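As given, the protein sequences belong to chains Z and R, one line each in that order. First residue of the first sequence: 306, per our numbering; consecutive thereafter. First residue of the second sequence: 306, per our numbering; consecutive thereafter. Think of the CB as a built atom: it goes at the ideal place given N, C-alpha and C, for glycine as much as any other residue. Fair warning: this is a prediction, and the values are worked out from it, not measured in the lab.
Protein chains: 2
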Amino acid sequence: MVDPSPNWAVDLSSARHSLGRTSTAERVADILRTHLIEGRVLPRTRLSEDAIAVALEVSRNTLREAFRLLSHERLLVHELNRGVFVRKLSVEDVIDIYRLRRILEVAALRCVTSPSTRDGRRSSKSADLRSAVTVGKEAADRGDWPGVGTANMHFHRSVAALANSVRVDELMSRLLAELRLVFHVMVPLRQFHEPYLADNDRIATLVEAGEGERAGEALLDYLERAERQLIVAYSKANRQSEVLISR
Amino acid sequence: MVDPSPNWAVDLSSARHSLGRTSTAERVADILRTHLIEGRVLPRTRLSEDAIAVALEVSRNTLREAFRLLSHERLLVHELNRGVFVRKLSVEDVIDIYRLRRILEVAALRCVTSPSTRDGRRSSKSADLRSAVTVGKEAADRGDWPGVGTANMHFHRSVAALANSVRVDELMSRLLAELRLVFHVMVPLRQFHEPYLADNDRIATLVEAGEGERAGEALLDYLERAERQLIVAYSKANRQSEVLISR
DNA sequence: GCATATTTGTCCGTATGTATA
DNA sequence: CTATACATACGGACAAATATG
Chain Z
306 MVDPSPNWAV DLSSARHSLG RTSTAERVAD ILRTHLIEGR VLPRTRLSED
356 AIAVALEVSR NTLREAFRLL SHERLLVHEL NRGVFVRKLS VEDVIDIYRL
406 RRILEVAALR CVTSPSTRDG RRSSKSADLR SAVTVGKEAA DRGDWPGVGT
456 ANMHFHRSVA ALANSVRVDE LMSRLLAELR LVFHVMVPLR QFHEPYLADN
506 DRIATLVEAG EGERAGEALL DYLERAERQL IVAYSKANRQ SEVLISR
Chain R
306 MVDPSPNWAV DLSSARHSLG RTSTAERVAD ILRTHLIEGR VLPRTRLSED
356 AIAVALEVSR NTLREAFRLL SHERLLVHEL NRGVFVRKLS VEDVIDIYRL
406 RRILEVAALR CVTSPSTRDG RRSSKSADLR SAVTVGKEAA DRGDWPGVGT
456 ANMHFHRSVA ALANSVRVDE LMSRLLAELR LVFHVMVPLR QFHEPYLADN
506 DRIATLVEAG EGERAGEALL DYLERAERQL IVAYSKANRQ SEVLISR
C-alpha cells in the first residue's frame, strides 16, 4: 500500500543500500524515479535538496545532477531559486500524452503487414505482446489489479516495440512513466483496467494474423475510451482537492 | 524617440520574466548546443571539464550540470570516469531518426482534414509552413545554401506543429538537432537541399487545400529519398575517415 | 607491466541571491 | 520590512579511474 507520508524522505534511507554500481547521480535518479512512479510522493511536493541528500548520504551536487535527469524526464519540475517539485500533470498534459500515444502506437501496429512466423525478430515481439496479455489475465483472475496495470504497461511497450526503433521504445517508456503520475487517481483500479483485457487480447490476435491496420484501428478506439475515462476521473479528483485546499 | 517613461525599467524586467529566467547551467548548455549543432566541434571530441570551465568562467560543478542536459538531448555522450564526448551518430542512428520522423511528420500531416480558413490557429500553422517554403526559395535564389538548410528545418518543425502537441513539437526539435550532427558531412549543400524545395512547396499547397493524407504520402516519399541520400554520403564519409585513421 | 601525470567523481564550506512567513 | 530558510554558484580538496610515457 502506498503511503505518502509527510516525511517520506526517511523512507529513502532504506533504499540507500541498493546503491551499487553505476554513477552515483544515475543511481540516485533511479531510486527517486521508482518512488515517483509508485506514487509515494504526492504531486506538487517540494523535494528538499538538504533532506534528500542527507537521507541518501550523497552530496547536494550529486543530488542536483539526479534532479536534472528527472526534470528532463518530466517527472520533476525545476523552478529557479525555488527548488524541484513533483510534477503535477494538467488535464492538457494528459490529452497531449494520449495524442502522442495514438501517433506512436498506431504507427507501430501499422508496421505489421504479414503474419508472424515461428522465427525472426518480429515473431518474438508478437510473442511479447501475447505474453503481456496472458500475464494480465492471470493477474485479473487473482484479483491483483495493480498487477494488471503493470501487465498493461508491458503490453503497450510491446506494441511500441513493433516500430523497431530504439527512440520510439524509449519515448514510450517515458510517456508511460509520466502517465503513472496520474494513474494513482484511479482508486478503483479494477474498473479502470478490467474492460481493456479483452481489447488487448483482440489486438494481439490481429497482430499475430498480420492485420496491423485493423489492430491499429482497434487500438485507436481503445485509447480514446481510456483517455476519456482517465480525464473524467482526473478532473474530478482535481476538483475535490481544490475544495480541500480552499477550506 | 522611444517613450522615455520613468517606468521603462519595469517593462524591461517584466519582459525578462516572460522570456523566462535561466540558470547559469542552462545558459552554458545553450552556448555549447549552438557550437555543437553548428558543427564547430568534431564528433568524438572529448570536452575537457577544466578547459571549458575556465573558458566560460563557470565552476566545474555548473559545467557538469550543463553536460548532463546536453547528454539527455543526445548531443553529448557521457562515459563514466572518462568524460563527455561529442556524439558520433552511427548509420543505425540515422535510420532510427528517419523512422521516427516518418511516424511523426506523416501523422501530423494526416491531422489536416479540411482546407485552412482565414482565421483559426490551424491557418496560422499552415502559414508558417508557407513562409518556410518562401524563405527557402529566396535563400536558394541568393545561393545561400546554409540558409536553405535552416529554412528546411523550419519547414519540418512547422509540419510537426500540425499535430497540435507540445510533446511532438519538442521531440521534433530534438530530432532535428541530433540530425545536424550529421548534416555537416554533406559538403555540397546545394545538391542536398535544392531538389527538396519543390517537394516542400507541393506539400504546403496540399496542406492549404486540406489534403493531409496526400501531403503525408508526398512527405513519406521525400523522407525516404533524403534518408537514402544522407546515408550514402554519411557512410562514405565514415569510410574515408577510417582510412585516415588507419594510416 | 609499471610508475606517473592527468582527469573525472564526489564532497564540503561558503558567499550571494531569491522567495516567503 | 525584516528575518529566515533555501537554492545557486563558486572554489578547493581528495580519492579513484584513466591515460601516458
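Nearest neighbour of residue i, chosen from the options [CA to CA]
i, options, result
"V490 of chain Z", "Z:A413, Z:Q534, Z:R351 and Z:K442", "Z:Q534"
"R404 of chain R", "Z:C416, Z:I400, Z:R404 and Z:E397", "Z:C416"
"A520 of chain Z", "Z:E529, Z:L480 and Z:D504", "Z:D504"
"L457 of chain Z", "Z:E499, Z:D474, Z:E354 and Z:R472", "Correcting the residue type first, residue 457 of chain Z is Asn in the shown sequence and not Leu. The shortest C-alpha separation from N457 of chain Z is found at Z:E499."
"A542 of chain Z", "Z:T339, Z:P348 and Z:D335", "Z:P348"
"H340 of chain Z", "Z:V363, Z:R392 and Z:L385", "Z:R392"
"A330 of chain Z", "R:F497, R:E354, R:H383 and R:L337", "R:H383"
"S436 of chain Z", "Z:A523, Z:L502 and Z:G344", "Z:L502"
"E354 of chain Z", "Z:I342, Z:E343, Z:G344 and Z:A371", "Z:A371"
"W580 of chain Z", "Z:F497, Z:E475 and Z:E516", "Nothing about residue 580 of chain Z can be read from this structure; chain Z reaches only from 306 to 552."
"A514 of chain Z", "Z:A360, Z:E362, Z:H377 and Z:S428", "Z:S428"
"E343 of chain R", "R:D474, R:T455, R:Q545 and R:L524", "R:T455"
"K430 of chain Z", "Z:D474, Z:R447 and Z:G448", "Z:D474"
"L375 of chain Z", "Z:G448, Z:K442, Z:R479 and Z:R447", "Z:R479"
"R387 of chain Z", "R:R326, R:R387, R:R544 and R:R447", "R:R326"
Simplified DSSP state of residue i, which is helix, strand or coil
i, result
"L352 of chain R", "strand"
"E384 of chain R", "strand"
"R326 of chain Z", "Unreliable positioning characterises R326 of chain Z in this predicted model, as indicated by a pLDDT of 44, which lies under 50. The coordinate reading is nonetheless provided below. Coil at R326 of chain Z, not helix or strand."
"V391 of chain Z", "strand"
"R435 of chain R", "helix"
"S376 of chain R", "helix"
"E532 of chain R", "helix"
"A523 of chain R", "helix"
"V417 of chain R", "coil"
"H459 of chain Z", "helix"
"A314 of chain Z", "Interpretation of A314 of chain Z is limited by its pLDDT of 46, a score under 50 that renders its predicted location unreliable; the figure taken from the coordinates is listed afterwards. In the structure shown, A314 of chain Z sits in a helix (DSSP, three-state: H, G or I)."
"R345 of chain R", "coil"
"L467 of chain Z", "coil"
"G517 of chain R", "helix"
"S294 of chain Z", "Only positions 306 to 552 of chain Z appear in the structure, and residue 294 of chain Z is not among them; the question remains open."
"V490 of chain R", "coil"
"D449 of chain R", "coil"
"T422 of chain R", "coil"
"E499 of chain R", "coil"
Beta carbon of residue i nearer than 9 Å to that of residue j
i, j, result
"T367 of chain R", "V396 of chain R", "no"
"A432 of chain R", "S421 of chain R", "yes"
"L461 of chain R", "L481 of chain R", "Just to set this straight, residue 461 of chain R is His in the shown sequence, not Leu. It is a contact, given that the beta carbons lie within the stated cut-off."
"V389 of chain R", "R338 of chain R", "no"
"V399 of chain R", "Y539 of chain R", "yes"
"R406 of chain Z", "M477 of chain Z", "yes"
"V440 of chain R", "D506 of chain R", "no"
"R530 of chain R", "I402 of chain Z", "no"
"E518 of chain R", "L381 of chain R", "no"
"L528 of chain Z", "S328 of chain R", "no"
"H377 of chain Z", "H459 of chain R", "no"
"L434 of chain R", "V512 of chain R", "yes"
Where residue i falls, given that 16 or more other Cβ within 10 Å makes a residue buried
i, result
"S463 of chain Z", "buried"
"A444 of chain Z", "buried"
"V346 of chain Z", "buried"
"S470 of chain Z", "buried"
"R495 of chain Z", "exposed"
"A360 of chain R", "exposed"
"E362 of chain Z", "exposed"
"E516 of chain R", "buried"
"H322 of chain Z", "Per-residue confidence for H322 of chain Z stands at a pLDDT of 36, beneath the threshold of 50, marking its modelled position as unreliable; the derived number appears in the next sentence. Answer is exposed; the Cβ neighbour count stays below 16."
Rounded Cβ spacing between residue i and residue j (contact assumed at less than 8 Å)
i, j, result
"R379 of chain Z", "E483 of chain Z", "5 Å"
"A356 of chain R", "S364 of chain R", "A356 of chain R to S364 of chain R, Cβ: 14 Å. No contact."
"A468 of chain Z", "A509 of chain Z", "Their Cβ separation, rounded to whole angstroms, is 16 Å, which puts A468 of chain Z and A509 of chain Z out of contact at 8 Å."
"T408 of chain Z", "I408 of chain R", "Looking at the sequence shown, residue 408 of chain Z is not Thr but Ile. The pair is a contact, with the Cβ atoms about 7 Å apart (cut-off 8 Å)."
"A465 of chain Z", "E410 of chain Z", "6 Å"
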